[in-house]
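Beneath this line is the structure, given in structure tokens, with notes to follow.
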Amino acid sequence: MSTRILALDTATEACSAALMLDDELLERFAVAPREHTQRILPMVDSLLAEAGITLDSLDALAFGRGPGSFTGVRIGIGIAQGLALGADLPLIGVSTLAALAEGAWRQTGASQVLTAIDARMEEVYWAAYQREAGVWLGEEGEAVVAPAALSALSADLSGCWATAGSGWQTYPTLLQHDGLQLVAGETLLPSARDMLPIALHHYRHGGARPVALAEPTYLRNEVAWKKLPGRA
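Start counting at 1 in the sequence shown, then tack on 5, and there's your number in this note's numbering.
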């Protein structure tokens, strides 16, 4: 039996939603800074209407849990919680950086991807992801760091790596890695369509969680997540 998952992401300046329906994938994507709250629900409604289904016929709802814009991450998890509560769906949080890695693999076939998102404050959200047997490994290495510190973090890496994320354009010095062959990727912003394969893996391996247990990933310790009013 096929699995039906709706994914949404507002963690960066991109706003996107995608629907995995049987063997079909439907998506909506826009670069819309500061317009996420106006755009994301119409995207969801449009996808459901195109597929001819209702929210409560899904198996799970996935959301981009960050890292990314603090406001964007809060918007995404809040809307995901509201939709999931109304339709009695479990939630699956997907790393924004892992989604970038999936996007790079989809476009270039690269199984080793260095992801970097501009974190402001002269820092980047960073991780080195490697694909093994269809699964991305590297989430435990996600960090927020100054660009100058990345040479130390990548010291143990070798071979050819694709780059993904906005951080590479914002901080060109990131490309200076001795001993690594870097291939510039085309994936600059995460997309909900690239969350779906990761969400499906989590779903099949018990990774769907009740709404009350959904959590964001900020990486900056000084930013505290405050649950929405009425949430456990």
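For glycine and all other residues, C-beta sits at the position ideal for the given N, C-alpha and C.
Less than 9 angstroms divides the Cβ of glutamate 32 from the Cβ of leucine 24. Three or more Cβ pairs drawn from the region 118-133 and the region 147-159 lie within less than 8 angstroms of each other, which places the two stretches in contact.
As for any beta strand (DSSP E) of minimum length 3 sitting wholly inside the region 96-121, the runs are 96-99, ordered along the chain. In this structure, the straight-line span from the alpha carbon of leucine 205 to that of leucine 30 is close to 13 angstroms. Secondary structure note for glutamate 55: it is in no beta strand (DSSP E), and the uninterrupted alpha helix (DSSP H) holding it is 41-56.
If you ignore the 5 residues before and after valine 49, its C-beta comes within less than 6 angstroms of the C-beta of Ala22, all in its own chain and listed in chain order. Taking 9 angstroms as the cut-off, the Cβ atoms of leucine 102 and leucine 66 do not count as close. Between the C-alpha atoms of proline 95 and valine 118 there is a straight-line separation of about 29 angstroms.
Residue burial annotation: arginine 198 is buried, with at least 16 other C-beta atoms found within 10 angstroms of its C-beta.
The criterion of a C-beta distance shorter than 9 angstroms is not satisfied by arginine 136 and alanine 169. Within 10 angstroms of the beta-carbon of glutamate 145 lie fewer than 16 other beta-carbons, which makes it exposed.
The beta carbon of methionine 200 lies closer than 6 angstroms to those of Ala12, Ala67, Val99, Ala104 in the same chain, with the five residues before and after it left out. Of the candidates Arg214, Gln112, Gly71, the residue whose Cα lies closest to the Cα of aspartate 123 is Gly71. About 14 angstroms separates the CB atoms of alanine 92 and leucine 52; that is not less than 8 angstroms, and the two are not in contact. Taking C-alpha positions only, isoleucine 97 is separated from arginine 225 by approximately 21 angstroms. Contiguous beta strand (DSSP E) elements confined to the region 59-90 occur at 65-69, taking only those with 3 or more residues. Here the alpha carbons of serine 156 and alanine 115 stand approximately 21 angstroms from one another. CA-CA distance, alanine 19 to glycine 73, rounds to 11 angstroms. Assigned with DSSP and collapsed to three states, aspartate 14 falls in strand. Secondary structure note for methionine 200: it is in no beta strand (DSSP E), and the uninterrupted alpha helix (DSSP H) holding it is 197-209.
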